[in-house]
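*Asks:*
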Amino acid sequence: MKNKLAALMALASLATIPVISARPDLFHTKLDKDQQILHALNRLSYGPRPGDVTAVRKIGLKKWIDRQLHPESIPENPTLDARLAPLTSLTMTSAELTQNYPPPQAVVAIANGKMPLPSDPQKRAVLEQLAERYKAKLEKKGVEDSKIPSAEIIPMTDLLSGAEIRTMRKGTPEEKTKLFQSMPAEKLQKVVFALPQGARRGLFPYVPPEVRRKMLEASAPQQVVAHDLSEGKLYRAIYSERQLDEVLTDFWFNHFNVYLDKGADRFLVTAYERDAIRPNVLGKFSQMLQATAKNPAMLWYLDNWQSVAPDAVGMRGPKNAKRTRGLNENYARELLELHTLGVDGGYTQKDIVEVARCFTGWTINQPYRGGGFQFNNRVHDKGEKVVLGVTIPAGGGIEDGMKVLDIVAHHASTARFISRKLAQRFVADDPPAALIAAMAKTFQTKDGDLSEVMRTMLASKEFWSQGAYRAKVKSPLEMVASAVRATGADVTFAFGLANKIADLGQPLYRKQEPTGYPNTSAEWVNSAALLARMNFSLALTQNKLPGVAVDAKRFEGDPASVAKLLLSATASAQTRQAIERGQAAKQDSAAIAGLVLGSPEFQRR
Amino acid sequence: MLNRRVFLKSSALAMFGVGAAPHWLARAAEGTESRKKILVAIFQRGAADGLNVVVPYGDPNYYSLRPNIAIPKSDVIELDGFFGLHPSLSALKLMFDAKHLAIVQATGSPDPTRSHFDAQDYMESGTPGRKATLDGWLNRAIPPEKGLVSPVRAVSLGANLPRTLRGPNPAIAVSNLNEFQIRDTQSSNTFEGMYQGTLDKVLKNTGRETFDAVKILQSVQKQNYTPSGDAKYPNGRFGQSMMQIARLIKANVGVEVAFADVGGWDTHVNEIGQLTRLLSEFGNGLGAFYQDLGDRMQDVVLVTMSEFGRTARENGNLGTDHGHANCMFVMGGDVKGGKVYGKWPGLEKEQLYEGRDLNITTDFREVLGGLVTRHLGARNLAKVFPNFSAPESILQIIA
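Protein sequences appear in the order of chains A and P.
Residues in the first sequence are numbered from 1 upward in steps of one, following my numbering.
Residues in the second sequence are numbered from 1001 upward in steps of one, following my numbering.
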């Protein structure tokens, strides 16, 4: 027995993971008509919904693509508008966000009388209650402070009957929803505050979005901002008719990545995505680059707001009067390495320092109050700089940085780097050099017009080749959004899905590194993530995700047609056989549907 | 990724059944009877106040800088006539006396940042000041292996794979042993068959590794677990993490590096109560782990770290703000323990870093470097800590 095992294991040890790439000749092999439609839906949208293939065939593939390249011409899905409407933080300015959803420190400051309450009566009520709860907590800990009057928290038993409390704890989802709908507004607010934090979270999927927001605010107002961002992104990915616009917004946010949990970025990312990224994804690259360079979220994330000329003496940090600051190279380095030229784009460490000098004084007016971009000429390095061989004369101000952005936006390395990255997202992990060259040429001749670069890619034979077909492994966001779309699920609580995406390894808005998430398949292929994909698939089709309703009737019928419905294509023989074995073992239709979504085919796009 | 090897062909496991005792797996996995060395890294997120953890009660400046929050000399657990442990850390005293616990004071990352984000990033990547590093030192520290490797050789307790375990070597994140599975057996079997049969080579291989890891972890999970000795893990996530790591080590399934973190150390306000609670959870978790592993500690070294220390002076809210140097604990059977390592930089105003924080006299890589080379046997330290060339200053903390 031992020998047999040893032999088996020796055999197994030879297996290694091959490089994920397609054979080059496959980039010359054409797709048939049906494959083309499916391919377009898989690459330019978050995956086909049932009926999408037929719809595209009907209006014509070329026309469908053309419309996707003009998102403003596509009427938006009313379901999406309805889902986004309650997410009010998405339309606020950063300053409004800091006022309406203050961090825990602000609650403490209000409790201590060091900060005034907001003027908006609703927000005022929330903060009053938060401050009172904070005071009560201090009292419990035995902290005595004469400045803080005692506060009273109403116990739940004074608010609800025993039966109502039981319903809230152990009722069916419908009963819970009904209970919350029946409460008068004032009582509801008190109940929300009386609930323990864990209980609030547990109730999220069952209460209307407005109540969910009250619950979030009662736990920590600041969380509303992150919550709305994730939900908004998912609702758009799932429901928007302007699918390419959404795919590109994800691509470019990731390209110009910022990290939501870094200090003031908790307030700044909403406006960053909305104002700097989204409007520019099919516009000029130089415009998007400028918008990101001046956006407080980026200035904060890569520390440029603190970067001052080395000889700007007496500069004081915001918190510590004794701390002097100097040149910070973070933004300069990532601008060249990640945003424009690429790591092999032909710049030196000297260039980084010179670029950093050009950006000294590009700062934020009161970041923690959501202030905007500010150029502080007092701390700007006014000496001469030489960037990539171009002399920027002494005595300049804000135009030094503008000049740098202009140089790098129009650099040949940037045209290649951006083209390659787009091709890597839309075509294959290792895209053919000829395609990259064609796209880069368009980039340069059309002044970095990203819509034109996309057109060149979409007109290429490589895009429509067997080498590209199913060559990419879906990212967790793509996997989850495409699964929800394939099942036609009705989503009323997208935050649960955002958590699933995090389980699969891609927490939204929370990639710490400025690199963003890698564009290649290898990133997403690992044991824990694969297991999470399988479990997610089963939970989705078996209606086990709160706030995500799947009509199980869709999955009735023979496994092959269920597979075809969900894949918008015929499943491979191997997958069909495995599923048939599952059916023979009496797995029900919902489980069969889950097996399809967890199959190797569905992990690819 | 490229050198990822498969530990077991699933059919081999199927042959023996999932419930079989896992010990043979370890021997098989190692190819020899010898046991592998194990490194466990613990991250205290939020910047622990090292001066109130390993208390320099022998330095009078400590008391003048912290009139309200210093730990009185009469309360500390005596270590060496100058330093004492916070009273909540009594569980560590036993190890210190058994010379299985070494303490390094005034250590940390030389980068001046006081941002939690950047400092954690740098300490996990092992490359202070360099943001572009994508992998972590703990992943790079995993010894190169030509033979069979366990699919659970690098494990993190928690939902996400932390920065420090990302990199070329396969590593898994397990928030809970019980969750690392497909709960419905039939679906699990169908999926396994599906991935075995697929022509998609990449997903086929990962599928096989996945189901191998599931089987191994479930075979561990299926056995009732009672911690050995008098080990009593504290309630809460940290205690659970420590217990699961101990459990995996004792199950001999090929774990070589493990990681867990514990948060809440950012004590700007009312530090005393918070630190008492945090440190008792922390100390008791480490103490239980030590008790539970017993003789097995011979193979294990555990190291703790936190992104930076806190201001030497207390602030106006009975707390401390972001500082610089901190302390690290190193425990294990072959640790030269019972000693507080590191040169004491002093707390006089001009001795403080930027006039406010404890200065660093030992780079954290001088501590970790010793563990990586002497315990895990890494030959090329530059691979684990690039741009760090100070082999002569590596702390000789491992026997």
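Idealized CB from N, CA, C, for every residue including glycine.
(1) Take Ile1272 (chain P) and list the residues in its own chain whose beta-carbon comes closer than 6 Å to its own, dropping the five residues that flank it on each side.
(2) Could you check what DSSP says for His70 (chain A) in three-state terms: helix, strand or coil?
(3) Could you check what DSSP says for Val107 (chain A) in three-state terms: helix, strand or coil?
(4) Return yes when the Cβ of Ser568 (chain A) is within less than 8 Å of the Cβ of Leu38 (chain A), no when it is not.
(5) For Asn1284 (chain P), list the residues DSSP reports as bridge partners.
(6) Taking the alpha helix (DSSP H) that Lys1383 (chain P) belongs to, which residues open and close that run?
(7) Quick test of the definition: if touching needs 3 or more C-beta pairs under 8 Å, does the segment 280-290 of chain A touch the segment 109-129 of chain A?
(8) May I ask you to verify whether the segment 1100-1110 of chain P touches the segment 1320-1330 of chain P, counting CB pairs closer than 8 Å and requiring at least 3?
(9) Name the residue from A:Ala522, A:Ala539 and A:Val550 whose alpha carbon lies nearest to the alpha carbon of Ser475 (chain A).
(10) In three-state terms, what does DSSP make of Pro600 (chain A)?
(11) State yes or no: is the beta carbon of Thr1267 (chain P) nearer than 8 Å to at least one beta carbon in chain A?
(12) Please say whether Pro1168 (chain P) and Asp1135 (chain P) have beta carbons closer to each other than 8 Å?
(13) Which class does Arg416 (chain A) belong to by DSSP, given the choice of helix, strand or coil?
(14) Listing by chain order, which chain P residues have their CB less than 7 Å from the CB of Ser599 (chain A)?
(15) Would the C-beta of Lys33 (chain A) count as close to the ligand GTP, meaning under 7 Å from any of its heavy atoms?
(16) Is any beta-carbon of chain P found at less than 8 Å from that of Ala593 (chain A)?
(17) Let me make sure I understand the geometry here. Which of A:Lys30, A:Lys33, A:Leu44 and A:Asp34 has the alpha-carbon closest to that of Pro482 (chain A)?
(18) Which two residues bound the contiguous alpha helix (DSSP H) that contains Phe180 (chain A)?
(19) Is Val1257 (chain P) closer than 8 Å to Ala1378 (chain P) when the C-beta atoms are compared?
(20) Taking 6 Å as the limit between beta carbons, can you name the residues of its chain near Lys1232 (chain P), skipping five residues before and five after?
(21) Kindly indicate which three-state DSSP category Arg323 (chain A) falls into: helix, strand or coil?
(22) I'd like the span of the beta strand (DSSP E) that includes Asn1326 (chain P), first residue to last.
(23) Quick check: the Cα distance between Ala428 (chain A) and Asn526 (chain A), rounded to an integer number of angstroms?
(24) Val525 (chain A) versus chain P: which residues are under 9 Å apart at the beta carbon?
(25) To the nearest angstrom, how far is the alpha carbon of Asp1295 (chain P) from that of Met1331 (chain P)?
(26) For Pro559 (chain A), count the other beta carbons within 10 Å of its own beta carbon; 16 or more makes it buried, fewer makes it exposed. Which is it?
(27) So with CB distances below 7 Å, who are the chain A contacts of Ile1172 (chain P)?
(28) What residue from A:Pro50, A:Asp25, A:Gly60 and A:Gln35 has the CA that sits closest to Ala489 (chain A)'s CA?
(29) Buried or exposed: where does Asp32 (chain A) fall if 16 or more other Cβ atoms within 10 Å of its Cβ makes it buried?
(30) Taking the alpha-carbon of Val1076 (chain P) as reference, which of P:Tyr1063, P:Tyr1057, P:Arg1066 and P:Leu1065 has the nearest alpha-carbon?
(31) Does the beta carbon of Thr1276 (chain P) sit closer than 8 Å to a beta carbon anywhere in chain A?
(32) Against chain P, does Arg455 (chain A) count as a neighbour if the rule is that its beta carbon must be under 8 Å from one of theirs?
(33) Mapping DSSP to helix, strand and coil, what is Val1053 (chain P)?
(34) From the beta carbon of Leu531 (chain A), is the nearest beta carbon of chain P less than 8 Å away?
(35) Please name the residue in A:Pro48, A:Thr292, A:Val247 and A:Ala578 whose C-alpha comes closest to that of Val269 (chain A).
(36) Quick check: what's the CA-CA separation for Lys1073 (chain P) versus Tyr101 (chain A)?
*Replies:* On the basis of the coordinates in this document:
(1) Ile1069
(2) coil
(3) helix
(4) yes
(5) Answer is none; Asn1284 (chain P) lacks a bridge partner.
(6) Leu1381 to Val1384
(7) no
(8) yes
(9) A:Ala522
(10) coil
(11) no
(12) yes
(13) helix
(14) Met1194
(15) Summarising the ligand content, the structure contains no ligands, and the ligand GTP is consequently not present.
(16) no
(17) Note that residue 482 (chain A) corresponds to Ser in the displayed sequence, not to Pro. Of the candidates A:Lys30, A:Lys33, A:Leu44 and A:Asp34, the one whose C-alpha sits nearest the C-alpha of Ser482 (chain A) is A:Leu44.
(18) Pro173 to Ser182
(19) no
(20) Ala1288
(21) For Arg323 (chain A), the predicted structure reports a pLDDT of 41, less than 50, and the residue's modelled location is therefore unreliable. A value from the coordinates is still provided. Correct three-state label for Arg323 (chain A): coil.
(22) Asn1326 to Gly1332
(23) 19 Å
(24) Met1001, Val1202, Leu1203, Asn1205 and Thr1206
(25) 13 Å
(26) buried
(27) Ser527 and Ala528
(28) A:Pro50
(29) exposed
(30) P:Tyr1057
(31) no
(32) no
(33) coil
(34) yes
(35) A:Thr292
(36) 44 Å
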